Each structure stands twice: as structure tokens, then as C-alpha cells.
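Inspection log for the structure reproduced underneath, given as C-alpha cells.
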Amino acid sequence: MTKRLFKFCLLNCFFFFLLFNTRAQTNGNYIKSLNSLLPVSPNANSIMKYGDVPVTLSSGIPGINIPIHTVDENGLQLPISLSYHAGGIKVDEPASWVGLAWSLSAGGAITREVRGLPDDNEAEIGFFSFVQTNDYYVNHASAKLHDSIIKEASIGRLDLEPDVFYFNAAGISGKFAFDQETRTFTCLPQQSVKIIRNAVNNTWKVVAQDGTSYYFENKEMTTSTVRCDVETNNFNNVISAWYLSKVVNANQTDSIILAYTQLDYDFYSQGSSTTYTLLTGERNMNRPNLNCLSHNYISGISRLSSIQSRKYKIEFIPATTVRQDMKDDYALARINVKNATGQLIKSFTFNYDYYLSAGCTGNIPDPTRNQKRLRLLSVDERGKIDTDSPLSHKFTYNSGVLPCRLSYSQDFWGYANGATNTNPNTLVPKETFYTTLPNGNISMTVIPGADRKSNEAAMLTGVLSKIEYPTGGTTSFDFEANKIGYQPSKYIEPKSKNKAITLSDIKYNGEFLDNVYELQFVINEPPSPFNGNRGGALASALAEPMCDAANPTACGDYILTGPQTLTFTNKFDDVYLPNGTYTLTASVARINDIEPPSGFRYFSASIFYPVPDTPATTNVINYTVGGLRIKRIINVDSIGGKPATIRDFSYSSPEKDSSYGTLLSIPMFNHVESIHVTESIPQGGGFIYDVSHFVRSGNSVVPAVTSQGGYVFYPKVREYAKGDAGNQRTDYEFTYVPAETDPGYPITPTYDPDWLRGNSLKTIVYKTVDTTYIPIQTTTNDYNFYPLSSSGQSFSKDLLGILAANVDWVVNKSADEEFSTGMLEPDVLPTQNLYFLPTGRFYKRSDTTVTIDNSGNRLSSVNSYKYGDKAQQLIEQSFTDSKGQLKSVKYSYPTDGTLSNAHINSTVLNRLISENRMTTPLSVSTNSNSTELKKELLYYSYKANVLATDSLKTSILTNAPDLDAAILQYDSYGNPLTIKQRDGLFRKYTWSKVNGLAQASSITPTNSNIAFTSFEYPNELTWVETGRTTTKALSGKSAYQLSAGSITVSSLDASAKYVVYIWIENGANCTLDGTGMEYSGRTANGWRLMRASLTGKTQCIISGSGIADNLMVIPESASFEGNVYDDSYQITSRMDARAMIIFYEYDNMGRLKVIRDQDRNILKQMDYQYKAPLTK
């Protein structure tokens, strides 16, 4: 409802700006915000007719989100929601506890990508523990020390690679790594957040730039057993995640606590397939071909069970039965949103079934579970009553059957492709080599392997296709496969079609075939991915009838002659045929020798080969790659009768339909392993030889680069919007900086400054005139990707990693061992490859917007921006107005800005910096050309841990600053109690000590305290607590039995004249300081309003008999507004300075239903009809 003054007023009102889109607020707006800390009057709930789904256009992935609840606590916000990742379903992907591709966002976590060994490994092994830096070992250490370190790293005894950590919690997110030189953690890219590791407990604390602290203390452990065809390797427990356990606001007055329960389950994931083919060398090193699976054991106190704050308790309740697709794991069954006393506000129940795959074949473990994947069908929201009809979100998915989890039927990126790949079971892709012989002919070698090509139809299986909302409105999604307009790798082929040449004949009624048939044909195919870009064809053949064991002679004999000659009976596969003229000869005498059981004789021989399936109109090849992008979103309003709103997305050049898409990293599945071997024996002698293997892998040996979970980046996207407001087109362009891959050995992670991608470069909005799109607005942005500091220093810094591997082997043998027995106990001679983790920052330098009116007139505006060196805050925004005057606004923060901060106490300033309150505004200057027109100054002090805004002053031109507002008093939670306004009046607040809600506000002519209570919460004033009763109340659910004891109101102003109001039930009586209070003449539903005046006292005592409610003590002539809340923190009544009451009633779902006056007459009534209009 309300937030701490500093957080709410200053950040959200005085300086409401977002990076790259900044608008400064004036003091007038700030003062207005000070007067609006009370919640607004309740209004009818807006009904979400359908979803407004944002799309990350540069990846083509829509952000599908179902909000659940937001925990809002004195400047802290923790949203809870469901989100669906729409980039496609991977074959290996296990379903979360809310269903396949869905995730529950509730809290946050730090996860990591382990490089080398875990950085937090034991002392002197893990990356955190090194005294010396990688730079020292590479550039300054002795050769002996260097070689020793690299050798230890190559065999897994030292860690020379920084892990990459990812954090995400309640609006803050990013990644970071350890900087050995500064011994600190740095964000990638740089952010003004502080990352602190508790080395003793191995936990984390992240301090956001507003001073909010996030504690990650609940650890999840992963233990993996990698099971291969010939061996099994066990890996020690590794902390795979640290879950958010607590959020504390900067003032340390409020927190949100997250509780977890023990989690223990296990599942399998696909490992990799590796094959070795000897290329050169005197000896085979007996390298085994491997197919590996990983058996993963997850454990830790890491299953979210509740979130607790001053106002809320959110419960996450798992199902009572074990999931069918995951051993020992449970689905999320229900979320309860309760108030702090445990009373239900609303609940969400989750309904599931399972995707069922076809039977698991091959060597897939645990086939019964891996046949199934948890599928979310609907989420039902109910209010306080469980038996009420729910408001449901229902989900529909594409039809079809997903492959069994862990199936080999997957493309290069892990998405389903419909291929069998079970003979043999492998993920290693097929390899094709073309060699030009000395005579000019082309030789082709095919090493069998898996079909890993992408298949759009298979990728679309099972993905979300529609959301139905409680209104009956729907959002439908039409996805398509990612496509790129070029061939980055021989593995990635375009859509194909087959060309076929067939020689055949058939004879009936016992007639005989001719003994010989011939067919001449020409192959003249241009270079394409299907022929190694050499021209010609990669052909196969199939002949019928076929010979088999039962009929070894019932087939023909076929000879193909031409540039390539070969013979076959049944078939051949993947033979390279150069361009030229060929003759296919069929000798079918053996078929004539067999008496046909069917009564006819026939033969058919077909030679076929793939060619690109390009549109005839454009002749453009687009390549299908892994993952999905959104093609169309359709929103339908079931109530209003409006036409559907349709959004179409195009990722291709409109002129030639060539995709703008580019792969963020190019997969590579092979490399050559060269080993230098030295064998020696004690008596002297031995052998030295070299061996090289062609090593193929089922996973790319180059680590994949992704954006928003997608593998393709689109620098240009076009969106068409169609609806009742007409048709509109918007063209988008985004910045693109590719990742860099080092081809050296060992293969290192890519160098990827990913923050330089996906920033808006240009946006053009068009309107439709007849059938023509006319531009009406163009916005262009200019960035400084590599800014320098104000002193000319670069912010960019690369963190050095060293990847060590083995290339040479030394084997010492005893005298009686034969050299032919292979290697024994090899000693390794390692090598290294250096790589870097980039860090830095970038800024938006300027933006230009050109607007074109209906007459074709162009109006341009240009904004320029400057940023601070320390916390990267915006410190200046400037523009040139229509008169050519340079206007600018400058900002100052604790570490950023060119304005003087002399008005800030140095102790306060240093504490702001130490607490990382980097977004705290200190001053603002408005300028025209070089003249300062206005300067606004904020003054602060600390009240214990609470940062208090003392005052706000404004100076005009060279005049001394004038007071705009002064905050004279705060409560212990940092909420303002007394504000002195510019007009000399005072605004007074009262706050609930129980839940921090603003109970009352009053504007008074003097600095005189006020009092208000509706007796909802204990000990708000001095009374006998047992006097509070729920048997009868005028407003809210509680009142006070006066006969239980008197009520004392203290801390009043003796110089002020007060008016005291209290409502009492009919038949009751009350006195103020022993004098009977007068009846005001107003009644309400069996209650009477009593009134009295009070002068010259610092406290008063109300006594009497009967039940009383809504006590108010305010200075005469003061304005007043008092609120009463229900258990869901909704306003149920509001009282003004005359003690007039407005009542608000809600249904069980918490929606405003009726507004009544104090006599309970209906002022306004709401009815929520979701699927049909009201009928009478």
C-alpha cells in the first residue's frame, strides 16, 4: 500500500527515471508526492481480458507471464509469478515442479557455470584461494613454476578458470566473476551492486544500488555420476545454486524471509557421445568410443515452502503424491496467500497431467519415468472461500508426441527432430569429407552418425498454443522455427527436396522383362550445402525387388557409369556423383528366372539426391536451426465484441525473404587430437612417435552462446499490428556484436560482451493510408560501447582464465615389457590456452526522435546523456529547444555528478556510499545555455539506521535556497510523521505498528499531533487490551468496550485546540476527561457520533460504557482522512474531518463490489461479468 518516504517519494516521484529514458521531476511534484502517501480510494478491479505479451524481438521469444502475487513491504517488492519459456522444448529437458517449460518465479537464486573446478573448492585448489594471479603465472613466474601449475591444472588438481555466477532476485539480475587482482567480484557488465561472499559459510550477499540487501544462504547440492559404455566417473558434491533466503531494506527496518524444506531427488540427463578415428600414427592409442549419460542427485534445503513479511505469509504446498516423471520429486499443488495472522486472502491451485511419449528405445535408463513429462493444464484462483468457483487460466498445447526424454532424436541444439538415431545409439553427427584426387576427380568419405538436422514440425510439438483467461478471452501463439540466411557450418543444411531418376518396367500375365534396360541422365547441380559446395550430388539408390536371405537371386544387377562408376543390387547410400552424363544399366535376367507369385514381373531402380528447396520467386536459401520464434499472437476479447488483435512478426528481408537471423555461436562437433608419445625403458632405448585421432562429439566442442535462452539473434524485426484501432507497422533494429571463438586447442569459452547486443538502434512506426504504410515516427539511438572515465581511463577490463590440457605423453616401461602392449601409467606434458571474460560498461549517448504529422511536417527532438564514473548514474541530460537554446538538467548522487554536494554532511555522505545507496538523489540543476535557472537540494540525516530526508530546498538563479518541505519527524520504520509544507502548514501521518499501513493523514495549521484508531490492532493507544472486541463494530471488525477501561491519548499539543470524535453504540455513554461528550446529532446504523473540544492539554482520557469505535483527535480546522483496513489490507472504510464515513465492500475474490455512505445507502455497485452481459 505505502512505502518508506525516501524510497517512494524520492526515487519514484522526485527522480523518476529509467536508464536511457529519463525525465526529471520538479519540486512541485515532490511536494505533491509527500501529500499522497495514503492509498487512493478503492476502485473497481480492472479485468484482464487477455494478455499483453511482450516480445524480446531480437530473439523472437515472447515473455509469457502469469502474475500470482507481489509481497510489498516498506520499499521492498517480491513478485511471484509463473513464466513460460517459449523458445522450444529440448528433448533432455526435465519439467520443473510447475510443468514442462514453466518456471515459478518466487524469490531468486545464484547459480553458476563451473569452469575447471568449482571456484569455492578447498583452499589452495579453488580459484578463490589463489594468492597469485593468473597473470603472474603467465607473465612473471619462472618456467618451472609455470609448468608445474599448468600440469596440476591439466589433471584437475588446481583451478585456473573463473566460474561465471548468475544472480536473479526481485528485479535485480546479472552475472559476475571473481577478479583476482582486486580480490572482489565484478559484474559482467559492470553494475553498481556490491557482491559479498561469506567464505566461512560459503553464502552470498548482494547489495543493490538502492541499498537493499539480498541474502543467498540456502544451498542446493548436485552430485553427478557419469555413466559411459566402458566406464563410470563420480563427481563430488558441487553447490549448484544458492537460493534467496532474505531481503532487507536499506534502513534495516523491514525484511522478507524465505523458508525452504529439504529437497532430495534424482534424474538422468544426456551426456555426450564421443568417437575416435585413427588418422595418422604408428599405433592406435585404444581410445574407446563413448556414449555417456549423467545421473544427477539433487539435495539441500532448497524447496521453497513459504515467504514471510510483516503483512504476508505465502505458502507453497507440494502435492501429496510423487511425480510420475521424476523420482522422489513433487509437483507444486497450491499457493496460499495469507495475512500475517494466517487468515487466507486468496489461493492458487495447479492442475496437471503428463505428456506421454512413445516407448523409450535403446539404452535409455528409467524408461517409465522418461516417457512422461509434467504438463500444466490450468491455474485456478480463489478468494477466501475454497468452495467458490475459481477464476481459471487454462493452457492449450500443440498436439503430437514428444520423443522420450534422453532420446537421441534431437538436433544440434537439443530440440526434437524426429530422427531415429538408434542404429547405433549416438548423438555424434554424420561426417562427410570431399577430397580432390590428383586426377581431378572428387573422392567422398562418409563416417556414419546421427541425423542432427533441425525439423520445424518436430520442434513445434507440445509447445504452448493458447491461454484462456478467466474472462473467456484468449491469447493464441503461432510459433515457427528459427531461421538464418547463410550457412555457418557444414552441419547446418537448408530445407531440401529430393530429385530422383528412375528406371523401371512391369510385365503382366507371366510375360518376361527385357534382360537389359538403360537410362541416360545428366546431373548438373550447382554448389550447395548438399554437395559440399562443389557441385554434383550426394546420391543414394534403391532397387526393387531386393535380394534377401530367403531369395538371394530375386533381384537385378545395376551398373552406373559416367564420371563415377559403381555397381549395386539392392541399394547404395551417400555416394558422391560429380556433375556429368551418366548411364544406368539394369540387368534383370535373374528376375525373369523366378516365377512371380503375384502374376507379374517388375523392377525399379531409383537414384535420388537432395537439393535445396528454394522458393521459385526468390531462389533464396534459408536455414532452419534450433529453437522457436514467435510468428503471430492473436488476442480475442470474448466480452466486448471487438475484432481480434493480431500481431505478426517478420524476421526476413521483405525484398528477398532472406532471414536476418544470425547464430550466436557456430557449433563444431569435431577436432583433431594430436599426441606426441615418448616410450622409454630403464636400460635405455625406446620409441618416439606421433598419433592423431579424428575426434567426433555429440555436443558442440565450442560452448553455445544464447540470448534469452535462444541461439539465434535477429538484428532487424518487423511487427504488424491489426485491430479495431487500425493497422500499424513497426520496424525495429538492434545493436549486434558477435561472440568471438578461439579455434586453438584446448577449445576455450567464447569471448562474449553480450550486453552490447539487443539494444534498440532504430524504431520506425508506420500508419496505414489505404494500403500503403506511411512513416509517422522514427527514433534512433546512439551508444558509446567503450566509454572512458572523466579522466580518460577505460572501464573495460578482461578477466584472465587459463584452460590447461594434455597433448604429449611420456611412458616409462620396465625391461621385460613389450612395446606393443601400449601405454602404461603415462606422465602428461600439458599445454594451455588463454581466454578472457570481458567486463565493462556502455552508455546511451543520445536519442533522436522525428515525428511526421499528417501534412508531412517533421518535428525533431534530440536528447544527449552523460553518466557518472562510479555508480553509472545519469548525471546530465541535455537538448536543444525550438529556439536553439541548449537546455540541460544535471543530477548529483553520492558518487556521481558534477554538482557540489557541500550541503550534505560528510558523515552522511560516507555512510550512503558504504551502504551502497548509489541512487539517492542529492541535487538537481536546471540550466539554459550556461546559466543555472534553478537548483534543488535535498538534505539528509540518519535516525539510527533510517536515512531521513530532512528537507528539500530550491534556489532560483542566484537567490538563496528556499524551503519547499521539511520532514520533521519519522517513526522507527522510516515512515514520515510530520512534514512542514512550503505554505507553513503541517501534514501529519499515523501508521500501523503491526503492518506499516498508513492509517490517517491530516493537514494542520500548527505542528500538532493527531490520533486515530478503529481498534483493529493491539495497543495503538493506551487502553486495556482485553477491551478490544469483535462482537460488534461500526467499521472494520473490531471496536472497544469502554467498560473494560479508559482510553488515553497522549503527546498532544497543549497550545492547540482539538476536536474529539468517537462513535458509540446506541445506549452507550462516554466522557472526555470526566466530562460527558455531546451528541453531534448524527447516527449511523445503530451508532451515535459523539463530539467534544479539548484545549490546553497534552493528553486526554475517554471513559464510559458500551462499545465505541473510530476515535479521532485532530486540531480544529484541520483536514483529515482516516482508513480502516480488512485482513487483506483493503480499505473497508474512510472517515473525513467531520467523521463522515464511506464504506467499501468486497467479494470473496477481493474485488470491490459496493460503495456505501455512512447510512449504508449504496453509492456505487460493481458486478464482474466475465463471459456474458448482465441479464435482468
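In terms of this note's numbering, the sequence shown opens at residue 2 and continues consecutively.
Ideal Cβ placement from N, Cα and C applies to all residues, glycine included.
None of the values given here were measured: they were computed from a predicted structure.
Next on the checklist: Suppose contacts are defined by Cβ-Cβ distances below 8 Å. Is Gly699 in contact with Gly628 by that definition?
Outcome noted: no
Next on the checklist: Along the chain, where does the alpha helix (DSSP H) containing Met460 start, and where does it finish?
Outcome noted: Glu457 to Leu461
Next on the checklist: Pairs of beta-carbons, one from the stretch 477-489 and one from the stretch 592-601, closer than 8 Å: are there three or more?
Outcome noted: no
Checklist entry - If you drop the 5 nearest sequence neighbours on each side, which residues of the same chain put their C-beta closer than 8 Å to that of Gly1068? => result Gly1107
Next on the checklist: So the candidates are Gly1028, Thr991, Leu1095 and Ser1081; which of them puts its Cα closest to the Cα of Phe1121?
Outcome noted: Thr991
Checklist entry - Looking only at its own chain, which residues have a Cβ that is under 8 Å from the Cβ of Ile689, when we skip the five neighbours before and after it? => result His677, Val678, Thr679 and Glu680
Checklist entry - Around the Cβ of Met1141, are there at least 16 other Cβ atoms within 10 angstroms (buried) or fewer (exposed)? => result Around the beta carbon of Met1141, a 10 Å sphere encloses fewer than 16 other beta carbons of the protein chains shown; the residue is thus reported as exposed.
Item to check | Ser1094 classed as buried or exposed, judged by whether at least 16 other C-beta atoms fall within 10 angstroms | outcome: exposed
Item to check | Boundaries (first-last residue) of the alpha helix (DSSP H) holding Ser149 | outcome: Ala144 to Ser155
Next on the checklist: So, under 8 Å CB-CB, Val227 and Pro119 are touching, yes? Tell me the CB distance rounded to an integer number of Å.
Outcome noted: Between Pro119 and Val227 the Cβ distance is about 16 Å, and since that is not below 8 Å, they are no contact.
Checklist entry - Any contact of the stretch 532-545 with the stretch 402-409, i.e. 3+ C-beta pairs under 8 Å? => result Contact fails: fewer than three Cβ-Cβ distances are below 8 Å.
Item to check | Residues sharing a beta bridge with Tyr690, DSSP | outcome: Val678
Checklist entry - Just reading off the beta strand (DSSP E) that Asp381 is part of, what are its end residues? => result Lys373 to Arg383
Item to check | Beta-carbon proximity list for Ser1052, same chain, < 8 Å, skipping 5 on both sides | outcome: Shown here for Ser1052: same chain residues with a beta carbon closer than 8 Å to its own, the five before and five after excluded, namely Asn1010, Thr1099 and Gln1100 in chain order.
Checklist entry - Can the beta-carbon of Pro739 be found closer than 8 Å to that of Tyr492? => result no
Next on the checklist: DSSP three-state label for Arg630, please.
Outcome noted: strand
Item to check | Contacts around Thr27, its chain only, beta-carbon distance under 6 Å, and the 5 residues preceding and following it disregarded | outcome: For Thr27, the pLDDT reaches just 40, beneath the cut-off of 50, and the residue's location in the model is therefore unreliable, although a value from the coordinates is still provided. Cβ within range, chain order: n/a, list empty.
Item to check | Cβ-Cβ separation, Ala170 to Gly76 (assumed contact under 8 Å), whole Å | outcome: No, Gly76 and Ala170 are not in contact; Cβ-Cβ is about 15 Å, not under 8 Å.
Next on the checklist: Taking the beta carbon of Arg158 as the centre, do at least 16 other beta carbons fall within 10 Å, making it buried, or is it exposed?
Outcome noted: exposed
Checklist entry - What did DSSP end up calling Ile386 once you bin it into helix, strand or coil? => result coil
Checklist entry - If you pair each beta-carbon of the stretch 350-366 with each one of the stretch 322-339, do three or more pairs fall below 8 Å? => result The stretch 350-366 and the stretch 322-339 touch, with no fewer than 3 CB-CB distances between them shorter than 8 Å.
Next on the checklist: Suppose contacts are defined by Cβ-Cβ distances below 8 Å. Is Phe166 in contact with Phe128 by that definition?
Outcome noted: no
Item to check | Neighbourhood of Tyr733 by C-beta, 6 Å cutoff - its chain only, sequence neighbours within 5 removed | outcome: By the criterion of a C-beta distance shorter than 6 Å, Tyr733 is surrounded in its chain by Leu58, Val718 and Thr764, once the five residues flanking it on both sides are discounted.
Checklist entry - Under a three-way DSSP split, which group does Asp743 fall into? => result coil
Next on the checklist: Are the CB atoms of Lys395 and Glu1179 within a distance shorter than 8 Å?
Outcome noted: Since the first residue shown for the chain is 2 and the last is 1177, residue 1179 is missing from the structure and cannot be characterised.
Checklist entry - Applying the criterion that 16 or more other CB atoms from any shown protein chain within 10 Å of the CB defines a buried residue, is Glu123 buried or exposed? => result Exposed is the call here.
Checklist entry - For Ile914, which three-state DSSP category applies? => result Ile914: helix per DSSP, three-state reduction.
Item to check | Integer-rounded CB distance, given that Asn250 should sit under 8 Å from Thr1 | outcome: The structure shown does not extend to residue 1, since the chain is modelled only from 2 through 1177, so no value can be given for it.
Checklist entry - Under a three-way DSSP split, which group does Trp992 fall into? => result strand
Item to check | Ranges of the alpha helix (DSSP H) found wholly within the stretch 94-119, counting only runs of at least 4 | outcome: Those alpha helix (DSSP H) runs which fall completely within the stretch 94-119 and span 4+ residues do not exist here.
Next on the checklist: Helix, strand or coil for Leu1053? Go by DSSP, reduced to three states.
Outcome noted: Residue state, collapsed to three classes: coil.
Next on the checklist: For Thr749, which residues in the same chain have their Cβ closer than 6 Å to its Cβ, ignoring the five residues on either side in sequence?
Outcome noted: Asp743, Leu804, Asn834 and Tyr836
Item to check | Pick from Lys385, Ser400, Gly363 and Asp367 that is closest to Arg376, judged by C-alpha positions | outcome: Of the candidates Lys385, Ser400, Gly363 and Asp367, the one whose C-alpha sits nearest the C-alpha of Arg376 is Ser400.
Next on the checklist: I'd like the ranges of any beta strand (DSSP E) spanning at least 3 consecutive residues and lying wholly in the stretch 303-374.
Outcome noted: 313-319, 333-340 and 345-357
Checklist entry - Taking the alpha-carbon positions, what's the Thr427 to Ser607 distance? => result Near 29 Å, if we compare the C-alpha coordinates of Ser607 and Thr427.
Checklist entry - Enumerated in chain order, which unbroken segments of the alpha helix (DSSP H) with a length of 4 residues or greater are wholly contained in the stretch 524-612? => result 590-593
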